[in-house]
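First up is the structure itself, then whatever we jot down about it.
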Amino acid sequence: MISFFSSTRLAFFTVVGMLVLMLSAIIMTSFTDLNTVFTTMNHTIILEWILDHGRTRPMVTAWLCGVCLLAAVLFINTAFCSITWQLKTALKTRTVRRWSFFIVHLFFLQVLACHGISLITGEKQENITLFPGQSHRFSDVEILVNEVSYEGDLKFLTMPLKESRSLMTRTGYDRSRNTARIDILREKYRVATGKIFMLSPLKYNTIRITLTGFKIGPGKDNTHIGVMLTLSRTWFTPYFFTSYALMILSLAVFIAITWNLKLQEELPESQPVFHPGNPS
Amino acid sequence: MEVSLPVVIYASLSVLYCLALAAGLFGKKGAAKGLGIAGFWFCAASVAAFIIQEKRLPLFGPFESILMIIFCLGGLGLLSRGLPGSRTAYAMDLWTFVVILVLLGIQTQFPMAFNPDFYMYDNLWVNLFFHLRLVATGTFIHAAILVALGAWIKGRTQDPSAENILHRGRNYLLTGIALFLTSEWSGSLWCLNWLGDSWQWSRGFFRGSVVFLLVMTACHLPRSLYASMAVRSVACSLPGLFCLWMIFFH
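Respectively, the protein sequence lines represent chains A and B. Each residue of the first sequence is one higher than the last, beginning at 4 in the working numbering. Each residue of the second sequence is one higher than the last, beginning at 262 in the working numbering.
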């Protein structure tokens, strides 16, 4: 049983399965209605999405379950392989190469776990439109938009996205001059305040308020401008980015260590070129 | 008629690499090598001219992608000059020239122009995401050439240098994925600051995942498949091919 769960063969077929699912998702996103379903998955935490839309969107739900299942198998496979084979070999041979190989997989497991956690924990609300003076309840706080300052061309807000993108150049649109002042209130007391603009969100503990766009409000003079916000609360984001960075770093170390390695001499068990791992 | 910088770059690169391939095919090894080096340095100068003119790194769009990928291929080709056996190095040069000319051929289907500017191009993470993706693509293609060459030599002769070439191919495949993951990591930070989440369920995310999974597949081939040189070279070529498809046709 252990040898089955830690085998390279299982890893191969799981990865190929995921590959098929990802390629099918690329094809699915070329159909407008299915692409819209995928877009709605970004509006909230996936667990909530499945509970709300799972029955009405069976195709994408089945796809999502397939991805989760294969990711879980890959996680188990990597964990088994790391402990029963890579760690054992590292302890036995005590070479930097074996340790670095084990560590790459360890960080990969962490990244995979963070992806899994992100599907079921935290809170998220997308496309929240607020005008100056308006507030919105999120988690245990109130988000108040105090002031909106928009100095860009108003036509950017009314023309189609593709057209406006080509006109919004670095010289034609200064993102730091188009801002919103946000207050975070808890039981009517201000606990945090700050100016947000595109690519510069406001963070308060695990809450993140991100400005995703501006919107012209009702009225003929086009002067009533509001903001579109994404509100999210996740505790693991720093862990995710740290694990991801450490995985890349450990991979770089592994590549450097094995760059000139005469593998034939070191590894008599064959297949060393792409298999520094477990030959199944 | 005003001749733009992209047209000058395109014409010069085409001429240099056509001549390099022709010299190589006619057995003029010295000339082929010299023209290959000239092509690389011209490409390096073109990238520098691009950066000076556009005040940013090559990021997105067919023309600047082609330019950056050719620059990487030329540079890595020079780095791999020390391959065992002069014939192997020569064959690698020729295949690199062929790939570069194919890329230049693909470019004829797209506008000879740099990609328009965008206000987010002043952000570090945006730059790293797009730029490293191009560098990774160049590295994947170089790995594909090496593995195909190593597999071809191993399949036909008992030359021990084949394993060495295959190992180099593996090195560049892993380097490519390290670069690609760094690009994705930067992209995740960009996504977090832009859309409030470290990733989005979107076509871009699925395509990025496919590249990672293709490299994972190549690195986890079962023994029965691993023994086949054809399977191994196809598996190692797919990440580069998919990246090209992603950049040019999707």
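The beta-carbon is built from N, C-alpha and C at its ideal position, and this holds for glycine as well. Note that the structure is a prediction, hence the values are computed from the model and not measured.
With 16 other CB atoms within 10 Å as the buried threshold, where does residue i fall?
| i | result |
| --- | --- |
| A:Cys-117 | buried |
| B:Glu-325 | buried |
| B:Met-507 | buried |
| A:Asn-208 | exposed |
| B:Leu-340 | exposed |
| A:Gly-280 | Interpretation of A:Gly-280 is limited by its pLDDT of 40, a score under 50 that renders its predicted location unreliable; no figure is taken from the coordinates. |
| A:Pro-61 | exposed |
| A:Pro-275 | Confidence at A:Pro-275 is low in this model, with a pLDDT of 39, below 50, so the placement of that residue is unreliable and no value is reported for it. |
| B:Leu-505 | buried |
| A:Leu-164 | exposed |
| A:Leu-77 | buried |
| B:Ile-313 | exposed |
| A:Ile-106 | buried |
| B:Ser-485 | exposed |
| A:Ser-273 | Interpretation of A:Ser-273 is limited by its pLDDT of 37, a score under 50 that renders its predicted location unreliable; no figure is taken from the coordinates. |
| A:Tyr-192 | exposed |
| B:Phe-510 | exposed |
| A:Thr-237 | buried |
| A:Val-99 | exposed |
| A:Ser-179 | exposed |
| B:Gly-457 | buried |
| A:Glu-1 | Missing from the structure shown is residue 1 of chain A; chain A here goes from 4 to 283 and no further. |
| B:Asp-378 | buried |
| B:Pro-500 | buried |
Taking Cβ-Cβ distances shorter than 9 Å, what residues in chain A pair up with residue i?
| i | result |
| --- | --- |
| B:Thr-478 | Phe-15, Val-18, Val-19 and Leu-22 |
| B:Leu-502 | What B:Leu-502 touches in chain A: nothing, since even the nearest Cβ is about 13 Å away. |
Relative to the ligand GTP, is the shortest distance from any of its heavy atoms to the C-beta of residue i smaller than 7 Å?
| i | result |
| --- | --- |
| A:Cys-71 | Inclusion of the ligand GTP in the displayed structure is not the case, the ligand content being empty and no account of it being possible. |
List the residues of chain B whose Cβ lies closer than 7 Å to the Cβ of residue i, in chain order.
| i | result |
| --- | --- |
| A:Ala-248 | Trp-446 |
| A:Trp-66 | Within chain B, no residue comes near A:Trp-66; the closest Cβ sits about 10 Å away, beyond 7 Å. |
| A:Phe-243 | Ser-459 |
| A:Thr-209 | Neighbours of A:Thr-209 on chain B: none; closest Cβ ~13 Å, over 7 Å. |
Based on Cα-Cα distance, which residue from the options lies nearest to residue i?
| i | options | result |
| --- | --- | --- |
| B:Gly-411 | B:Thr-400, B:Ile-402 and B:Glu-424 | B:Glu-424 |
| A:Thr-182 | A:Ile-228, A:Met-171, A:Phe-239 and A:Ile-146 | A:Ile-228 |
| A:Gln-137 | A:Ile-49, A:Leu-205, A:Phe-78 and A:Leu-147 | A:Leu-147 |
| B:Trp-386 | B:Ser-494, B:Leu-407, B:Val-408 and B:Trp-451 | B:Trp-451 |
| A:Lys-158 | A:Trp-52, A:Thr-32 and A:Arg-168 | A:Arg-168 |
| B:Val-495 | B:Thr-478, B:Phe-510, B:Phe-509 and B:Arg-484 | B:Thr-478 |
| A:Leu-122 | A:Phe-78, A:Cys-71 and A:Met-162 | A:Cys-71 |
| A:Thr-35 | B:Ile-406, B:Ser-463 and B:Ser-459 | B:Ser-463 |
| B:Pro-519 | B:Val-268, B:Ala-281 and B:Ala-283 | Absent from the model: residue 519 of chain B. The displayed extent of chain B is 262 to 511, so no value can be given. |
| A:Leu-13 | A:Lys-206, A:Leu-170 and A:Ala-74 | A:Ala-74 |
| B:Leu-277 | B:Gly-416, B:Val-476, B:Lys-294 and B:Thr-418 | B:Lys-294 |
| B:Ser-307 | B:Ser-265, B:His-428, B:Lys-290 and B:Ala-284 | B:Ser-265 |
| B:Arg-348 | B:His-428, B:Pro-483 and B:Ile-414 | B:Ile-414 |
| A:Leu-202 | B:Tyr-487, B:His-428 and B:Asn-454 | B:Asn-454 |
At a CB-CB cut-off below 7 Å, which residues of chain A make contact with residue i?
| i | result |
| --- | --- |
| B:Asp-483 | Per the sequence shown, the amino acid found at residue 483 of chain B is Pro instead of Asp. Under the 7 Å cutoff, chain A gives Thr-11, Arg-12, Phe-15 and Ser-283. |
| B:Arg-468 | Ile-29 |
| B:Leu-474 | Val-18, Met-21, Leu-22 and Met-25 |
| B:Thr-436 | Ile-258 |
Can you pull the chain B residues whose beta carbon is under 9 Å from the beta carbon of residue i, in chain order?
| i | result |
| --- | --- |
| A:Arg-60 | The contacting residues do not exist; A:Arg-60 stays about 12 Å from chain B at best. |
| A:Thr-213 | Leu-453, Asn-454, Trp-455, Leu-456, Gly-457 and Asp-458 |
What does residue i reach in chain B if we use C-beta pairs closer than 8 Å?
| i | result |
| --- | --- |
| A:Trp-262 | Asn-432 |
| A:Phe-41 | Trp-462 and Ser-463 |
| A:Met-4 | Correct list: empty, because the minimum Cβ distance to chain B is about 19 Å. |
| A:Met-44 | Trp-462 |
| A:Ser-203 | Asn-454 |
| A:Thr-240 | Leu-453 and Ser-459 |
| A:Thr-32 | Ser-463, Arg-464 and Phe-467 |
Applying a beta-carbon distance threshold of less than 8 Å, which residues of chain A neighbour residue i?
| i | result |
| --- | --- |
| B:Ala-439 | Ile-251, Leu-254, Ala-255 and Ile-258 |
| B:Val-471 | Leu-22, Met-25, Leu-26 and Ile-29 |
| B:Thr-443 | Ile-251 |
**Message:** Which residues of the region 127-147 of chain A have a Cβ closer than 8 Å to any Cβ of chain B? Give them in chain order.
**Reply:** Residues Lys-127 and Glu-129.
**Item:** Interface positions of the region 377-391 of chain B facing chain A (Cβ-Cβ less than 9 Å), listed along the chain
**Value:** Result list: Pro-377, Asp-378, Phe-379, Tyr-380, Met-381, Tyr-382, Asp-383, Asn-384, Trp-386 and Val-387.
**Prompt:** Closer than 9 Å, Cβ to any Cβ of chain A: which residues of the region 447-463 of chain B, in chain order?
**Reply:** So the list reads Ser-449, Leu-450, Trp-451, Leu-453, Asn-454, Trp-455, Leu-456, Gly-457, Asp-458, Ser-459, Trp-460, Gln-461, Trp-462 and Ser-463, given in the order they occur along the chain.
**Asked** For the region 394-416 of chain B, which residues have a beta carbon sitting closer than 8 Å to at least one beta carbon of chain A?
**Response** Against chain A - using a Cβ distance shorter than 8 Å - the region 394-416 of chain B contributes no residues.
**Message:** To be precise: take each residue of the region 88-115 of chain A, compare its Cβ to all Cβ atoms of chain B, and keep it if any distance is under 8 Å. Which residues remain?
**Reply:** Correct list: empty, as no residue qualifies.
**Request:** Could you tell me whether the region 457-476 of chain B touches the region 25-36 of chain A, using the rule of 3 or more Cβ pairs below 8 Å?
**Result:** The answer is yes - the region 25-36 of chain A touches the region 457-476 of chain B, with three or more Cβ pairs under 8 Å.
**Request:** Answer yes if the region 378-394 of chain B comes into contact with the region 306-323 of chain B, meaning at least three C-beta pairs across the two stretches below 8 Å, and no otherwise.
**Result:** A contact between stretches requires three or more CB pairs, one per stretch, nearer than 8 Å, and the region 306-323 of chain B meets this requirement with the region 378-394 of chain B.
**Prompt:** Do the region 330-339 of chain B and the region 299-307 of chain B meet, that is, are 3 or more Cβ pairs less than 8 Å apart?
**Reply:** These segments touch.
**Asked** Would you call the region 6-23 of chain A and the region 38-51 of chain A touching, i.e. three or more CB-CB distances under 8 Å?
**Response** Three or more beta-carbon pairs separated by less than 8 Å are not found between the region 6-23 of chain A and the region 38-51 of chain A, which leaves the two stretches without contact.
**Asked** Is the region 431-445 of chain B touching the region 370-386 of chain B, taking contact as three or more C-beta pairs under 8 Å?
**Response** The region 431-445 of chain B vs the region 370-386 of chain B: no contact.
**Item:** Contact residues within the region 217-237 of chain A, judged by C-beta distance below 9 Å to chain B
**Value:** Residues of the region 217-237 of chain A whose Cβ lies closer than 9 Å to any Cβ of chain B, in chain order: Leu-232, Thr-233, Leu-234, Ser-235 and Thr-237.
**Touching by the beta-carbon criterion (3+ pairs, under 8 Å), the region 186-201 of chain A and the region 428-443 of chain B** = No: fewer than three Cβ pairs fall under 8 Å.
**Asked** So, do the region 215-222 of chain A and the region 230-243 of chain A have three or more beta carbon pairs nearer to each other than 8 Å?
**Response** A contact exists between the region 215-222 of chain A and the region 230-243 of chain A.
**Item:** Interface residues of the region 168-201 of chain A facing chain B [CB-CB below 8 Å]
**Value:** Considering only beta carbons, the part of the region 168-201 of chain A lying closer than 8 Å to chain B consists of Arg-168, Ser-169, Met-171, Thr-172, Arg-173, Thr-174, Gly-175, Tyr-176, Asp-177, Arg-178 and Met-201, in chain order.
**Request:** Indicate whether the contact test is met: 3 or more Cβ pairs, each with one atom in the region 401-409 of chain B and one in the region 355-371 of chain B, closer than 8 Å.
**Result:** Contact check between the region 401-409 of chain B and the region 355-371 of chain B: three or more CB pairs, one atom from each, fall below 8 Å, which counts as touching.
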